[in-house]
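Start counting the sequence shown at 1; every next residue gets the next number (full-length UniProt numbering).
All C-beta atoms, glycine included, are put in the ideal place defined by N, C-alpha and C.
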Amino acid sequence: MLKFNPQTGENQAFCRACALFYQNHKGDLEKHVDRTQHKQNMEKFPELLKQQDRLANFASPLRDRITNLELRILAHICENSQSVCSAQGMLEVMQTEGNDPIFKKATLGYTKAGNLIREGW
Ligand SMILES: [Zn+2]
Numbered sequence: 001m002l003k004f005n006p007q008t009g010e011n012q013a014f015c016r017a018c019a020l021f022y023q024n025h026k027g028d029l030e031k032h033v034d035r036t037q038h039k040q041n042m043e044k045f046p047e048l049l050k051q052q053d054r055l056a057n058f059a060s061p062l063r064d065r066i067t068n069l070e071l072r073i074l075a076h077i078c079e080n081s082q083s084v085c086s087a088q089g090m091l092e093v094m095q096t097e098g099n100d101p102i103f104k105k106a107t108l109g110y111t112k113a114g115n116l117i118r119e120g121w
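The following block contains the structure:
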């Protein structure tokens, strides 16, 4: 869960089982979850284990496919010097004509496009 850390003045990932704050980095959190001490602490909180199972299901293959589609479209417009507006129009056509649910849920916001252009993936 995300919790305010008074020592850093930021909202940070907080493991309730270990009662410790962690950086909001996916890789660090995945390493923490695999540590023996964390697993032993989690056994004391069966309700957290159930919640963890539900959250694991939340990161679905559908979400990964949607993200992949969004990144591929944004990469295409970057590589071909097109505008985000033109890609949004193309996505709207796919959303109208495509039957795959990834088309319905994909979005191409300016923030997402800007982050891709600045930071890559
Ligand atoms: Zn922990």
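Leaving aside the five residues that flank H38 on each side, the residues in its chain whose CB is nearer than 8 Å to its CB run, in chain order, C15, A17, C18 and H32. Relative to ligand 1, the beta carbon of A13 is positioned no closer than 7 Å to any heavy atom.
Per DSSP, reduced to three states, the secondary structure at N11 is strand.
Residue state for K3 is assigned as strand, using DSSP reduced to three classes. The three-state secondary structure of F45, taken from DSSP, is coil. Distance between S86 and P61, taken at the CA atoms: about 27 Å.
DSSP links L20 through a beta bridge to C15.
Membership of G27 in the alpha helix (DSSP H) is indicated by the continuous run K26 to D34. Here DSSP, grouped into helix, strand and coil, assigns T107 to coil.
For D100, no alpha helix (DSSP H) encloses it, and the DSSP letter there is neither H nor E. Across the structure, L20 and R63 are spaced so that their CA atoms are roughly 29 Å apart.
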